[in-house]
Amino acid sequence: MRGSVKLLLMVAAVVVVALGLWFLTPRGGDTATSAHAQDGSPSAADAGPAQNGTSGEGMGAQGGTQAQGGTQAQGGTQAKSRANQHEPNQQKPVPVFAAAAEASNVPIVVRGIGSVAAFNSVAVKSRVDGNIVGVAFNEGQFVHAGDLLIQLDPRPYQAQLAQTVATEAKDAANLANARLDLARYAALLPQQLAVTRQQYDTQRALVAQLEAQVKTDQAQVDTAKLNLEYASIRSPIDGVTGLRLVDIGNLVQAGAGTSLVVVTQIKPIGLIFTVPERNLTDIREQMARHPLPVLAFNGDDNKQVASGNLSVISNQVDQSTGTITLKAVFPNQDATLWPGEFVNAHLVLEVVENGVTVPAAAVQMGPSGSFVYAIKPDATVEPRPVTVTQVEADAALIGKGLKAGDKVVVSGQADLAPGFKVAVQQGAPGQMNAQEPEIGPEGVGSTGINTAAAGAGGINPR
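Structural data, given as structure tokens:
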């Protein structure tokens with residue numbers, strides 16, 4: 000009875016050892032065979048029959064040897080695989096495009112969107128009543144201040160002027176006669192022969208009355224002259240005429256509110272635009288030091304069309320949008336800017352001398368912030384943290400982390416990890432697709448490194 004129990008225990012031990020070896024042995028047939036061959040232990044299939052006739056002590060020793068050998072074989076295979084992944088220098092270089100960091104004078108720019116506003120705009124109206132007898136301008140014509148625009152019928156005002164001039168002349172003659180009489184009365188008054196004191200005082204009052212009348216007549220003459228002048232409607236400013244709103248023969252009335260034409264001044268011209276309120280402090284500080292240039296770009300923001308200077312900062316921030324309104328003035332001598340046009344405004348705060356710039360595509364974001372893949376002399380790459388001051392026109396201004404002449408990867412970063420060798424390609428980055436290696440089985444590229452190992456260095460290229 001005891002022998003049967005002992006035999007059953009031995010068989011159970013053999014089964015446990017065989018199952019342990021099966022779980023510890025790699026699944027690939029070649030890998031398992033290689034592991035057993037390297038260890039010198041028999042496979043689980045061969046061990047079963049041979050071990051049935053052995054003692055319990057022998058079976059236990061043999062099982063322990065097999066388990067230890069299987070574990071060592073698997074551990075060696077995994078360590079070898081990890082070693083291969085962390086030895087990129089032995090792999091085929093990764094094709095990338097690169098560029099050298101450059102030093103130049105870089106403007107610090109604040110961008111905004113705005114609209115062009117006429118420096119002055121006048122709706123021309125008539126100040127006297129009359130019929131239009133002539134239009135002296137063409138629509139869209141550039142006119143100067145004082146140029147004739149519209150002529151009203153001047154004859155009523157010419158007649159009124161003639162009448163007031165005649166009235167003034169009559170009253171002036173009466174005044175002259177009254178002054179002569181006053182002189183005679185003044186000579187006779189001391190003798191008290193023919194003139195009394197009352198007569199003298201009355202004559203002196205008449206002279207004063209006629210003097211006032213002559214002044215009134217002169218004012219009426221001036222008014223008549225002014226009305227006659229108003230019959231010729233002239234441009235009040237230099238500018239461009241708009242569409243004609245009245246035609247010849249129409250009757251216009253003073254104070255009716257009807258505009259005859261709108262004249263818009265475009266030389267100089269203004270630009271009203273907004274920028275984020277976070278830039279307000281920098282703008283005020285720089286404006287106190289020197290005039291701030293403003294560059295106007297077209298709607299696509301790829302071509303400069305005019306340049307001017309910042310003139311006004313609004314006295315309050317728009318809380319609903321979190322922006323501040325600014326106004327710039329442009330000479331606009333070539334009439335490039337037009338009232339109402341939408342443009343992109345680039346406000347230049349300052350110019351950084353010998354600033355280091357790289358293509359914006361070179362800058363990547365990682366867990367610790369911005370970085371670039373710098374190419375070392377041995378053609379390997381290292382992630383280098385950088386501080387980006389601004390990105391303007393596809394160029395990143397680097398505050399810290401690079402110096403002029405350093406080479407950085409601008410395309411192909413997704414296939415890189417620290418220490419990888421690279422092969423710098425010639426041409427434009429857009430040609431990379433034609434030169435990328437084919438993807439082999441199990442997602443392994445021509446470099447022999449599985450894409451899952453790209454993050455093994457602890458730097459996330461994203």
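Residue numbers (numbering that gives the first Met the number 0): 0 to 461. In this text, a Cβ means the ideal position worked out from N, Cα and C, and glycines have one as well.
Task: Three-way DSSP call (helix, strand, coil) for D300 in this model - done: Counting from one through the sequence shown, the residue named residue 300 turns up at place 301. Coil.
TODO: From the DSSP output, in three-state form, read off G398 for me.
DONE: Taking the first residue of the sequence shown as position 1, residue 398 is located at position 399. G398 falls in the strand class under three-state DSSP.
TODO: Leaving out five residues on either side along the sequence, give the residues of the same chain with a beta carbon under 7 Å from the beta carbon of D170.
DONE: For the purposes of this step, residue 170 is taken as the residue at position 171 of the sequence shown. Sequence-distant partners of D170 (beyond 5 residues in either direction) whose C-beta falls short of 7 Å from its own C-beta, in its chain, are L209, Q212, V213 and D216.
Task: 8 Å CB neighbourhood of G117 in its chain, flanking five on each side removed - done: Reading the sequence shown from its first residue, position 118 is the one you call residue 117. The sequence given here places Ala at residue 117; Gly does not occur at that position. Contacts found: G238, T263, Q264, I265, I268, G269 and P338.
Task: Cβ neighbour criterion (16 or more within 10 Å) applied to T322 - done: Position 323 of the sequence shown, counted from the first residue, corresponds to residue 322. T322 comes out buried.
Task: 6 Å Cβ shell around N226 - same chain, five flanking residues per side excluded - done: Here residue 226 corresponds to residue number 227 of the sequence shown, with the count starting at 1. Around N226: V127 and Y156.
TODO: Please go through the same chain and pick out, in chain order, the residues whose beta-carbon is closer than 8 Å to the beta-carbon of N249, but skip the five residues on each side of it.
DONE: Sequence index remark: in the sequence shown, residue 249 carries index 250 (1-based). Excluding sequence neighbours, N249 sits near N130 and I131.
TODO: Report the three-state DSSP secondary structure of V261 (helix, strand or coil).
DONE: Here residue 261 refers to the residue found at position 262 of the sequence shown. Note: V261 maps to strand in three-state DSSP.
Open item on the list: Can you check which of these residues, I232, K326 and T166, is closest to D221 by C-alpha distance?
Closed with: In the sequence shown, counting from the first residue as 1, residue 221 sits at position 222. Comparing Cα positions, the closest option is T166.
Task: Whole beta strand (DSSP E) elements within the stretch 211–263, 3-residue minimum - done: List check, beta strand (DSSP E) in window: 231–233 and 238–240.
Task: Separation of K402 from T30, as counted between CA atoms - done: Start at 1 with the first residue of the sequence shown, and residue 30 comes out as number 31. Start at 1 with the first residue of the sequence shown, and residue 402 comes out as number 403. In this predicted model, T30 has a pLDDT of only 40, less than 50, meaning its place in the structure is not dependable; the value taken from the coordinates is given anyway. Answer to the nearest angstrom: the Cα atoms are 50 Å apart.
Task: Burial state of N331 (16 or more Cβ within 10 Å) - done: Start at 1 with the first residue of the sequence shown, and residue 331 comes out as number 332. Per the 10 Å Cβ criterion, buried.
Task: Check whether P417 and P382 have beta carbons under 8 Å apart - done: Stepping through the sequence shown from its first residue, residue 417 is reached at position 418. Stepping through the sequence shown from its first residue, residue 382 is reached at position 383. Going by beta carbons, P417 and P382 fall inside the 8 Å limit.
TODO: Let me know the secondary structure DSSP gives L415 once reduced to three states.
DONE: Within the sequence shown, the letter at position 416 stands for residue 415. Of the three classes helix, strand and coil, the one that applies to L415 here is coil, per DSSP.
Open item on the list: The beta strand (DSSP E) that contains L325, what's its start and end?
Closed with: The residue labelled residue 325 in the question sits at position 326 within the sequence shown. First-last of the beta strand (DSSP E) with L325: T322 to F329.
Task: Three-way DSSP call (helix, strand, coil) for A116 in this model - done: Looking up residue 116 in the sequence shown gives position 117. If DSSP states are grouped into helix, strand and coil, A116 belongs with the strands.
Open item on the list: I need the boundaries of the beta strand (DSSP E) containing T388, first residue and last residue.
Closed with: Locating residue 388 in the sequence shown gives position 389, counting from the first residue. Per DSSP, T388 belongs to the beta strand (DSSP E) from T386 to E391.
Open item on the list: Nearest by alpha-carbon distance to T386: which of G400, A392, A378 and I112 is it?
Closed with: On the sequence shown, residue 386 is found 387 positions in, with the first residue counted as 1. Among G400, A392, A378 and I112, the Cα nearest to that of T386 is on G400.
TODO: Count the other CB atoms, across all protein chains shown, that sit within 10 Å of the CB of N104; report buried if there are 16 or more and exposed otherwise.
DONE: For this step, residue 104 is matched to residue 105 along the sequence shown. So N104 ends up on the exposed side.
Task: Stretch pair the stretch 269–282 + the stretch 250–260: three plus CB contacts closer than 8 Å - done: no
TODO: Flag this pair as yes or no: are the beta carbons of A334 and S234 separated by less than 8 Å?
DONE: Looking up residue 334 in the sequence shown gives position 335. Looking up residue 234 in the sequence shown gives position 235. Cβ distance not < 8 Å, so A334 and S234 don't count as in contact.
TODO: Could you name the residues of the same chain whose beta carbon sits closer than 8 Å to that of D393, not counting the 5 residues immediately before and after it, in chain order?
DONE: Within the sequence shown, numbered from 1, the residue matching residue 393 stands at position 394. Counting only Cβ-Cβ distances below 8 Å, and skipping sequence neighbours, we find P358, A359 and A360.
Open item on the list: Are the CB atoms of V362 and A102 within a distance shorter than 8 Å?
Closed with: Locating residue 102 in the sequence shown gives position 103, where the first residue counts as 1. Locating residue 362 in the sequence shown gives position 363, where the first residue counts as 1. At least 8 Å separates the beta-carbon of A102 from that of V362.
TODO: Pick helix, strand or coil for Q208, following the three-state DSSP scheme.
DONE: Against the sequence shown, residue 208 aligns to sequence position 209. Helix at Q208.
- [ ] Return yes when the Cβ of P94 is within less than 8 Å of the Cβ of K420, no when it is not.
- [x] Mapped onto the sequence shown, residue 420 falls at position 421. Mapped onto the sequence shown, residue 94 falls at position 95. In this structure, P94 does not lie closer than 8 Å to K420 by Cβ.
Task: Of the residues F341, I107, S231 and Q318, the one placed nearest K124, counting alpha carbons only - done: Your numbering for residue 124 matches position 125 in the sequence shown. The option with the nearest alpha carbon to K124 is S231.
Task: For N137, the first and last residue of its enclosing beta strand (DSSP E) - done: By one-based count along the sequence shown, residue 137 stands at place 138. Unbroken run through N137: none, as it is neither H nor E.
Task: Cα-Cα separation, Q434 to V304 - done: Here residue 434 refers to the residue found at position 435 when the sequence shown is read from its first residue. Here residue 304 refers to the residue found at position 305 when the sequence shown is read from its first residue. For Q434, the predicted structure reports a pLDDT of 39, less than 50, and the residue's modelled location is therefore unreliable. A value from the coordinates is still provided. Each residue's alpha carbon lies about 40 Å from the other.
Task: Straight-line gap, N278 to V109 (C-alpha atoms, nearest Å) - done: As a position in the sequence shown, residue 278 is number 279, starting the count at 1. As a position in the sequence shown, residue 109 is number 110, starting the count at 1. Rounded to whole angstroms, N278 to V109 spans 8 Å at the Cα level.
- [ ] Determine the closest residue to G298 out of S114, R178, V10 and A327, with distance taken between C-alpha atoms.
- [x] The residue labelled residue 298 in the question sits at position 299 within the sequence shown. The option with the nearest alpha carbon to G298 is S114.
Task: Backbone CA spacing between E228 and P153 [nearest angstrom] - done: The residue you call residue 228 lines up with position 229 of the sequence shown. The residue you call residue 153 lines up with position 154 of the sequence shown. Roughly 9 Å between the two C-alpha positions.
- [ ] May I ask which residues mark the beginning and end of the alpha helix (DSSP H) holding V164?
- [x] Taking the first residue of the sequence shown as position 1, residue 164 is located at position 165. For V164, the enclosing alpha helix (DSSP H) covers residues R154 to L187.
Open item on the list: Could you tell me the alpha carbon to alpha carbon distance between L205 and Q197, rounded to whole angstroms?
Closed with: In the sequence shown, the residue the question calls residue 205 occupies position 206. In the sequence shown, the residue the question calls residue 197 occupies position 198. In a straight line, the C-alpha of L205 is about 12 Å away from that of Q197.
TODO: State the Cα-Cα distance for the pair G398 and F329, rounded to the nearest angstrom.
DONE: The sequence position of residue 398 within the sequence shown is 399, counting from 1. The sequence position of residue 329 within the sequence shown is 330, counting from 1. In a straight line, the C-alpha of G398 is about 32 Å away from that of F329.
Open item on the list: Quick check on the burial criterion: 16 or more other C-beta atoms within 10 angstroms. Buried or exposed for V311?
Closed with: Taking the sequence shown and counting its residues from 1, one reaches residue 311 at position 312. V311 is exposed by the Cβ-count criterion.
Task: Which listed residue (P376, P384 and T388) has its alpha carbon closest to that of G404 - done: On the sequence shown, position 405 is the one that residue 404 refers to. If we check each option's Cα against that of G404, P376 comes out closest.
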